[in-house]
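Okay, so here's the structure we're looking at.
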Amino acid sequence: MNCSEADVLINALVDGELDAGHARDVEAHVASCRDCTGKLASLQAMRSAMAGAGLMEKAPAALRERIERTLPAISIASARMPAVNARPAGPWRINRRVFAGGFAAGTALSAAVAATLLVAVVRDDRDQKIASEVVSAHLRSLQPGHLTDVETSDRHTVKPWFNGKLDVAPPVIDLTAEGFTLIGGRLDTINGETVAALVYRRRHHVINLFVARRPGGKRAGAGSEIWHGFNVRRWTEDGLDFWAVSDINAGELDEFYKKFSTAARPAAPS
Amino acid sequence: MSADDDSERARRFRDAALPHLDDVYTLARYLMRDQADAEDAVQECYLRALRHFDSYRGPAMRPWLLAILRNVCKSEFTRRSERPAAECNDNAPVEPPAWQEAQPSAEAELLRRHDAAAIRRLVAALPPQFREAVVLRDINDLSYRQIAEVAGLPVGTVMSRLARARAMLRAAWIAEQGLKS
Ligand SMILES: [Zn+2]
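For the record, the sequence lines run as chains A and B. When we follow our numbering, the leftmost residue of the first sequence carries the number 4, and every step to the right adds one. When we follow our numbering, the leftmost residue of the second sequence carries the number 9, and every step to the right adds one.
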């Protein structure tokens, strides 16, 4: 893979649109290419900045009322009104063209990359779904007012806050001394399941640590991975699944995992 | 059709379509730029959607509404017989600053430091088809397939357009930062 082929795919990686195999290919190229490493970091930064800026507009209340007022009246009139030029370009109409028609002439993509992409964007296994949801939850949390439901650096406040809200009691650990400041917690949803999210800050980067129940889950540490362009550290301990996700670099996230996991483990006889 | 049927249908439509009003309005603001024009487009979108609600079969209401909104905006630009600014060639070269000029992490830090108003302005300044791609992906949070459905484009075109849109955005973002510092 060369840099111009990687260009589009790095975007797709950050957007969580690549299947596992292509994601690995792109990550392998990025790991060996300084330019593309910079590009990936910049795309992540832009995406985080956009997610954090709260760019969704709020429709004015007057507009909402105007629409609500016209609804029943129009539904009567519509019986006589010819349906001109309003055929929506929905999936029921153009799907075939989109997927069978191939790529428009003159796009910047080479034919080989284009062929790859058709396969690449069509993916749907469980891991990918969870990866997507973990990264989406992370991005969602960066929107103003979404980061924490309980905001405090006091773990004795955060821990009881989860009581009765969840069937897991996440270990809440203050790592301020280690350079990871606990800033609070919230409830979130991953793969249809309500999970605990502990929120840490490293300089001005946010780390979300998602904790879900995994009955019978044995202790297992997975390596650091890039999911959709974000660094994710996944591990299982004491019947709990953990996902730490952030745009800090993989080394720092690994350090977070080690500090957290060491502190979480009671000093039990081994 | 009885009045009861009508109001029942209007109620179903309201419950399905109105929760997406902010999404539709947001896209309208970016496509039309002017607030009053955006509001008119949104209202027209909901009128058309209601008219076609009987033939709506899913799967997702939000992309369906956004596709209608997009059509409304297009016809408005056609009616005024003006092109929505200059439709710019998908392949016209973008010349972003070379990646190696700054430390990669330094540049990322730079990109992170932007407030909502600045980002809005930069997105609004993109040529229409690139602006649309970025808004649908990064603000409306649609998948590539959904964007392809909304914009009536092949998925591959959506992908290359987004990549180019972000390259432009990044270049403008950095240029602005450079002016400030
Ligand atoms: Zn490269």
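Ideal placement from N, C-alpha and C gives every residue a C-beta, glycine not left out. Model, not experiment: these values are computed from the prediction.
For A:D177, the CB contacts under 6 Å within the same chain, skipping 5 residues up- and downstream, are R158, L185 in chain order. For a cut-off of 8 Å, the C-beta gap from A:R189 to A:D152 is around 4 Å, short enough to register as a contact.
The beta-carbon distance between A:V198 and A:F245, rounded to whole angstroms, is 10 Å. This is too long to meet the 8 Å contact definition. Where A:D191 is concerned, the enclosing beta strand (DSSP E) starts and stops at 184-193. For a cut-off of 8 Å, the C-beta gap from A:V171 to A:V161 is around 14 Å, too long to register as a contact.
At a cut-off of 8 Å between beta-carbon atoms, B:S89 makes no contact with chain A.
Straight through space, the alpha carbons of A:G57 and A:L150 are spaced by roughly 12 Å. The beta carbon of A:L212 sits closer than 6 Å to those of L201, A247, all from its chain and outside the five residues before and after it, given in chain order. Ranked by Cα distance from A:R143, the options A:I193, A:S156, A:T155, A:F165 are led by A:I193. Of the candidates B:R41, B:R78, B:S89, B:R78 places its Cα closest to the Cα of B:V158. Under the Cβ distance rule, A:T73 counts among the residues neighbouring chain B, one pair being separated by less than 8 Å.
At least one CB atom of chain B sits nearer than 8 Å to the CB of A:K61.
If you check the CB distance, B:L73 and A:A52 do not come in under 8 Å. A:D10 sits buried, since 16 or more C-beta atoms from the chains shown fall within 10 Å of its C-beta. If you compare the alpha carbons of B:E140, B:I182, B:T86 with that of B:M167, the shortest gap goes to B:E140. Counting only beta-carbon distances shorter than 6 Å to the non-hydrogen atoms of ligand 1, the qualifying residues in chain order are A:C6, A:A9, A:H32, A:C36, A:D38, A:C39.
Following the DSSP letters along the chain, one finds A:N211 inside the beta strand (DSSP E) bounded by residues 208-216. Within chain B, the residues M167, S168, A171 have their CB atoms less than 7 Å from the CB of A:V11, given in chain order. No residue range can be given for A:N252, since it is assigned to no alpha helix (DSSP H) and is classified by DSSP as neither H nor E. Beta-carbon to beta-carbon, B:E47 and A:L74 are separated by about 16 Å, too far to satisfy the 8 Å threshold. Looking at the DSSP output, A:A200 sits in a beta bridge with A:R189, A:F213. Within chain A, the residues A52, M53, A56, L58 have their CB atoms less than 8 Å from the CB of B:I127, given in chain order. A straight line joining the alpha-carbon of A:E71 with that of A:H141 spans about 34 Å. For B:F138, the three-state secondary structure derived from DSSP is helix.
Counting along the chain, no beta strand (DSSP E) covers B:E52; the unbroken alpha helix (DSSP H) around it starts and ends at 43-59.
Beta-bridge partners of A:G220 (DSSP): none assigned. A contact between stretches requires three or more CB pairs, one per stretch, nearer than 8 Å, and the stretch 129-136 of chain B fails this requirement with the stretch 43-58 of chain B.
Cβ contact annotation for B:L144 (same chain, cutoff 8 Å, sequence separation greater than five): L35, L74, L150, Q154, I155, V158, A159, in chain order. Non-local C-beta neighbours of A:L43 in its own chain, meaning closer than 8 Å and more than five positions away in sequence, comprise I13, L16, V17, V33, G232, ordered along the chain.
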